[in-house]
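> Numbering (the working numbering), first residue to last: 18 to 243.
(1) Apply the 10 Å Cβ neighbour rule to residue 158 and answer buried if 16 or more other Cβ atoms are within range, or exposed otherwise.
(2) Around the C-beta of residue 123, are 16 or more other C-beta atoms found within 10 angstroms, so that it is buried, or is it exposed?
(3) Let me know if residue 111 comes out buried or exposed under the rule of 16 or more other beta-carbons within 10 Å of its beta-carbon.
(4) Can you find the residues in the same chain that come closer than 6 Å, C-beta to C-beta, to residue 20, ignoring five residues on each side of it along the sequence?
(5) Compare the C-alpha of residue 218 against each of 132, 30, 168 and name the closest.
(6) Tell me, to the nearest whole angstrom, how far the beta carbon of residue 68 is from that of residue 77; I am working on the premise that it is less than 8 Å.
(7) Which residues in the same chain have their Cβ closer than 7 Å to the Cβ of residue 197, if we skip the five residues on either side of it in sequence?
(8) Out of 115, 58, 153, 184, which has the shortest C-alpha to C-alpha gap to residue 222?
(9) Return the chain-ordered list of same chain residues with a C-beta closer than 7 Å to the C-beta of residue 113, the five sequence neighbours on each side being excluded.
(10) Nearest by alpha-carbon distance to residue 84: which of 193, 60, 234 is it?
(11) Got a sec? Which residues, its chain only, sit under 8 Å from residue 40 by beta carbon, not counting five neighbours each side?
(12) Return helix, strand or coil for residue 171, following the three-state DSSP convention.
(13) Return yes when the Cβ of residue 212 is within less than 8 Å of the Cβ of residue 108, no when it is not.
(14) Can you tell me the Cα-Cα spacing of residue 148 and residue 31, whole angstroms?
(15) Nearest by alpha-carbon distance to residue 75: which of 88, 208, 25 is it?
(16) Would you grab the beta carbon distance between residue 214 and residue 238 for me? Rounded to a whole angstrom, and I think it's under 8 Å.
(17) Rounded to whole angstroms, what's the CA-CA distance from residue 227 to residue 87? Just pull it up for me.
(18) Per DSSP, which residues does residue 92 bridge with? Please list them.
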């Protein structure tokens, strides 16, 4: 049974989400305080965390950043703030998705299912091992390593890296990445692709002398050996 952690100080909303998720077959835990939620997120294992931004104790953005440093758990930000900058900030802190209140519960279920599909693509077991230089990605096991060093990636980071590797030596635009990696969830006017490219570079390029992800100015990105 998949486990969901709800960190939300609006108790009626938290209770509604808890009941609906339990009805769908999820195991659910709820925290109304930021510090309690962060402690639970770091000491227990969850498949998805639903995280509000405005929380007592610690705000949701700081919680998101702390979780992302320690774990790769899927995080969906839930907030009343709808500005593009707020969405990008949430993604920049490591969230996998962002939903604005009020929302239909069916959409939340769809987002959770989407994150699950992205975490383990159904075609992964039939895909080859991808290599570029000393970087290796094994879709069947989700193993990513460079120079024999394991690299932990979030769901979105992994999917973006897999997308680039399946198009090795081919330049892909930001719009292509948005369409194929994020699908309907995001549209033009966001720099989320640049944000996640920066995440990937920090993990698979910055610690190593040879850089693999290259920017093609005015168009997009390509992964290849220099």
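Ideal Cβ positions, reconstructed from N, Cα and C, are used throughout, including at glycine.
Small disclaimer: the values here were computed from a predicted structure and weren't measured.
In short:
(1) Sequence index remark: in the chain shown, residue 158 carries index 141 (1-based). So residue 158 ends up on the exposed side.
(2) For the purposes of this step, residue 123 is taken as the residue at position 106 of the chain shown. Within 10 angstroms of the beta-carbon of residue 123 lie fewer than 16 other beta-carbons, which makes it exposed.
(3) Numbered from 1 along the chain shown, position 94 holds the residue referred to as residue 111. The residue is buried, with at least 16 neighbouring Cβ atoms inside 10 Å.
(4) Here residue 20 is taken as the residue at index 3 of the chain shown, counted from 1. For residue 20, where only same-chain residues beyond five positions count, the Cβ hits under 6 Å are 44, 63, 64.
(5) On the chain shown, position 201 is the one that residue 218 refers to. With distances taken between Cα atoms, residue 218 lies closest to 168.
(6) Start at 1 with the first residue of the chain shown, and residue 68 comes out as number 51. Start at 1 with the first residue of the chain shown, and residue 77 comes out as number 60. With a Cβ gap of about 5 Å, residue 68 and residue 77 count as contacting.
(7) Your numbering for residue 197 matches position 180 in the chain shown. A distance below 7 Å between beta-carbons, with the five flanking residues on each side excluded, links residue 197 to the following residues of its chain, in chain order: 180.
(8) As a working note, residue 222 is residue 205 in the chain shown. When only C-alpha atoms are compared, the closest one is 153.
(9) One-based indexing of the chain shown puts residue 113 at position 96. Residues 91, 92, 93, 132, 171, 172, 173 of the same chain have their beta carbon placed closer than 7 Å to that of residue 113, with the five preceding and five following residues left out of the count.
(10) Translated into positions along the chain shown, residue 84 becomes position 67. Selected option, being the one with the closest Cα: 60.
(11) For the purposes of this step, residue 40 is identified with residue 23 of the chain shown, where counting begins at 1. Counting only Cβ-Cβ distances below 8 Å, and skipping sequence neighbours, we find nothing.
(12) Locating residue 171 in the chain shown gives position 154, where the first residue counts as 1. Coil, per DSSP.
(13) Looking up residue 108 in the chain shown gives position 91. Looking up residue 212 in the chain shown gives position 195. Their beta carbons are under 8 Å apart, which means residue 108 touches residue 212 by this criterion.
(14) Against the chain shown, residue 148 aligns to sequence position 131. Against the chain shown, residue 31 aligns to sequence position 14. Using only the alpha carbons, I get a separation of about 44 Å.
(15) As a first step, residue 75 must be located in the chain shown, where it is residue number 58. The candidate whose alpha carbon is nearest that of residue 75 is 25.
(16) Residue 214 sits at position 197 when you count from the first residue of the chain shown. Residue 238 sits at position 221 when you count from the first residue of the chain shown. With a contact defined as Cβ atoms closer than 8 Å, residue 214 and residue 238 qualify at about 6 Å.
(17) Locating residue 227 in the chain shown gives position 210, where the first residue counts as 1. Locating residue 87 in the chain shown gives position 70, where the first residue counts as 1. So the alpha carbons of these two residues sit roughly 26 Å apart.
(18) What you label residue 92 is simply residue 75 of the chain shown in a count that begins at 1. Its beta-bridge partners are 66.
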